[in-house]
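Quick note: the sequence shown uses this note's numbering, first residue 330, plus one each step.
Using N, Cα and C, we set each Cβ at its ideal position, and we do this for glycine too.
Here's the structure, in structure tokens; my notes come after.
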Amino acid sequence: MQKVRVVAWSLEKNIAKIVIDNPPVNVLSAAVIEQLNEVVDEIERHPDVKAVILTGGGERAFVAGGDIKGFPAWIGQGVEEAKQKALWLQEPLNKLEQLPHPTIAAINGLALGGGCELALSCDIRIAEEQIIIGLPEVKLGLFPGAGGTQRLPRLIGKARAKEMIFTGESISAVEAERIGLVNHVVPQGKALGKALEIAEKICNHSSQPITFAKQSIDVGYEQTLQEGLVTEADYFGQVFQTKDVKEGVEAFIQKRQPNFIDQ
Numbered sequence: 330m331q332k333v334r335v336v337a338w339s340l341e342k343n344i345a346k347i348v349i350d351n352p353p354v355n356v357l358s359a360a361v362i363e364q365l366n367e368v369v370d371e372i373e374r375h376p377d378v379k380a381v382i383l384t385g386g387g388e389r390a391f392v393a394g395g396d397i398k399g400f401p402a403w404i405g406q407g408v409e410e411a412k413q414k415a416l417w418l419q420e421p422l423n424k425l426e427q428l429p430h431p432t433i434a435a436i437n438g439l440a441l442g443g444g445c446e447l448a449l450s451c452d453i454r455i456a457e458e459q460i461i462i463g464l465p466e467v468k469l470g471l472f473p474g475a476g477g478t479q480r481l482p483r484l485i486g487k488a489r490a491k492e493m494i495f496t497g498e499s500i501s502a503v504e505a506e507r508i509g510l511v512n513h514v515v516p517q518g519k520a521l522g523k524a525l526e527i528a529e530k531i532c533n534h535s536s537q538p539i540t541f542a543k544q545s546i547d548v549g550y551e552q553t554l555q556e557g558l559v560t561e562a563d564y565f566g567q568v569f570q571t572k573d574v575k576e577g578v579e580a581f582i583q584k585r586q587p588n589f590i591d592q
């Protein structure tokens, strides 16, 4: 029997668009986790992708959270069993974060629990003005297990992250922008358009320096400043071996537009 598609992707002008479409509110069901893993693997292998956008199907939710109806089967089965469930939830989010391409979350509705954690695994977040976002797991006697306790503090700082996680209270798009949780707030229905606008700007450049810059930021962020500077210098050395840096510098000197070939 053919499986129902709840995660699909398409490619247009070097931009991969992932849509999670699991009505009514796009929860992270087992099928979504499985198919998101597959889709991210396919995107990583595709030679024409330069940027990735992730959004939710419909108008109600980006991703409203985990599949709570499946949680009772996890209770009281031992620490190792629950630990493996967390690692299983984390896997596609880790893959998304580790893509060499810039990733943009177009948050078009509820982004709670696992949905917030999914958005956190992207490089850039665009929120529509009507959305709410947060990690309400403590209200179920839980805490975030798909990366929320690790990615949120790194993004907005420990104190703010602790308040959000400890209280379980969600916040508005405006508040999320104020604390640095999202990059932009846009009118309802405009998140995907804004994400495409940013992705198109990214795709105008050579993919090589952007990939190196992403790796330099992500690797260096976990290091001391001095170690990070060495990491930056290493990737800087690598980018100077590409054909596109030669083209870019020559185009600047010759006062013309560069013709990048992503090599």
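Residue i, enclosing alpha helix (DSSP H) - first and last residue
| i | result |
| --- | --- |
| Ala415 | Val408 to Gln427 |
| Val574 | Lys572 to Ile582 |
| Val548 | Ser536 to Tyr550 |
| Gln555 | Leu554 to Val568 |
Backbone secondary structure at residue i - three-state DSSP
| i | result |
| --- | --- |
| Phe472 | coil |
| Ile461 | strand |
| Gly486 | coil |
| Gly372 | Looking at the sequence shown, residue 372 is not Gly but Ile. Three-state result, Ile372: helix. |
| Arg454 | strand |
| Phe593 | With the chain covering only 330 through 592, there is no way to say anything about residue 593. |
| Lys523 | helix |
| Leu510 | coil |
| Lys332 | coil |
| Pro401 | helix |
| Asn366 | helix |
| Gly444 | helix |
| Gly518 | coil |
Span of the beta strand (DSSP E), counted from its first residue to its last, around residue i
| i | result |
| --- | --- |
| Leu357 | Per DSSP, Leu357 belongs to no beta strand (DSSP E) and is neither H nor E. |
| Leu439 | Leu439 to Leu441 |
| Val514 | His513 to Val515 |
Pair within 8 Å by beta-carbon distance, residue i and residue j
| i | j | result |
| --- | --- | --- |
| Pro431 | Ile508 | no |
| Ala359 | Leu418 | no |
| Ala562 | Ile433 | no |
| Tyr564 | Phe541 | yes |
| Val392 | Ala456 | no |
| Ile362 | Gly385 | no |
| Ile397 | Lys346 | no |
| Glu446 | Pro421 | no |
| Val514 | Val503 | yes |
| Leu521 | Asn437 | yes |
| Ile453 | Ser499 | no |
| Thr571 | Gln592 | yes |
| Gly395 | Gly442 | yes |
| Arg480 | Leu439 | no |
| Lys412 | Trp403 | no |
| Ser536 | Lys424 | no |
| Asp377 | Leu428 | no |
DSSP bridge partner residues for residue i (one or two, in chain order)
| i | result |
| --- | --- |
| Ala345 | Leu340 and Val381 |
| Gly395 | Leu357 |
| Glu432 | Note that residue 432 corresponds to Thr in the displayed sequence, not to Glu. BP columns for Thr432 point to Val381. |
| Ile500 | Ile462 |
| Ala390 | Leu439 |
Buried versus exposed, by CB contacts within 10 Å (16 or more), residue i
| i | result |
| --- | --- |
| Leu523 | In the sequence as displayed, the identity of residue 523 is Lys instead of Leu. Flag for Lys523 reads buried. |
| Gly518 | exposed |
| Val336 | buried |
| Asn533 | exposed |
| Gly566 | exposed |
| Asp547 | exposed |
| Gly477 | buried |
| Ile372 | buried |
| Glu466 | buried |
| Gly407 | exposed |
| Leu554 | exposed |
| Val578 | exposed |
| Pro401 | exposed |
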